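Here's the structure we're looking at; comments come further down.
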Amino acid sequence: MIETFFNLDIMKAAWPIVLSGLGNTILLSLIVVPLGLLGGLILALLATVKHPLVRWPLMAWVDFFRAFPPLVLLVLLFAGLPFAGLELGGFACVAIAFFLNTGSYYGEIFRAGIESVPAGQVEAARSTGLSRLQAMRWVVLPQAVRNVLPDLLSNTLEVVKLTSLGSVVAVPELLYEARQA
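Now the structure itself:
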């Protein structure tokens, strides 16, 4: 039994394959997480705008991509975009699908963080002469990020786990390569 699970010859042969998959997982995560954070922050800042022509389409966008299963979105992009005349590789489709999904989740996390800052903080910042943008940058966002840091980290770990869906469109990530080894 021990020879079956701890066979060093098999482990030596499988290591390069597994490391290749790990590299793809890390690369995909390093692309999707920063883009998702930036997209989410932009969505959250736009969500603070009270105008209904901005707020309602934005809410629909976020709700749609949060509710849409990432696997279905991934397959639609990979198989559907060629019909529209736009052919992307598997890696690009995975990155775009995960960006749309995680950006929406990060947007809701940031929005919740912004709303968690007491209104008195914003009023105090505005009364000192800071503009709305300056108050957001120097007073609200630092507190908001601190408040939602656990949620941001949890979602980031979810993105790393989500990369396993890349094997559906032939992106050899860690778990796929481990199964092949």
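Heads up: the sequence shown begins at 0 in numbering that gives the first Met the number 0, then just goes up one per residue.
Where a beta carbon is used, it is the ideal one built from N, C-alpha and C, also for glycine.
Since we're looking at a predicted model, the values are computed, not measured.
What's the call for residue i, buried or exposed, on a 16-neighbour Cβ count within 10 Å?
| i | result |
| --- | --- |
| Phe-77 | buried |
| Leu-132 | exposed |
| Ser-103 | buried |
| Leu-161 | buried |
| Pro-24 | Note on identity: in this sequence residue 24 is Thr, with Pro being the wrong assignment. Flag for Thr-24 reads buried. |
| Thr-127 | exposed |
| Phe-64 | buried |
| Val-61 | buried |
Going along the chain, which residues of its own chain have a beta-carbon closer than 6 Å to the beta-carbon of residue i, five neighbours each way excluded?
| i | result |
| --- | --- |
| Tyr-105 | Gly-35, Leu-36, Gly-39 |
| Phe-82 | none |
In this structure, how does DSSP classify residue i when only helix, strand and coil are distinguished?
| i | result |
| --- | --- |
| Val-6 | The sequence given here places Asn at residue 6; Val does not occur at that position. Three-state DSSP puts Asn-6 in coil, outside helix and strand. |
| Ala-169 | coil |
| Phe-67 | coil |
| Val-48 | coil |
Once the 5 residues before and after residue i are set aside, which same chain residues still bring their CB inside 7 Å of it?
| i | result |
| --- | --- |
| Ile-30 | Ala-94 |
| Leu-45 | Val-53, Leu-57 |
Would you mind listing the alpha helix (DSSP H) stretches within the segment 75 to 146 that are 4+ residues and don't spill past its ends, in chain order? Whole alpha helix (DSSP H) segments, 4+ residues: 89 to 115, 118 to 126, 131 to 134.
Measuring CB atoms only, is the segment 142 to 159 touching the segment 106 to 122, in the sense that at least three cross pairs come out at less than 8 Å? yes
State whether the segment 156 to 169 contacts the segment 60 to 77, with contact taken as three or more CB pairs (one from each stretch) at a distance under 8 Å. yes
If contact is defined by three or more beta carbon pairs under 8 Å, each pair taking one atom from either stretch, is the segment 110 to 119 in contact with the segment 133 to 143? yes
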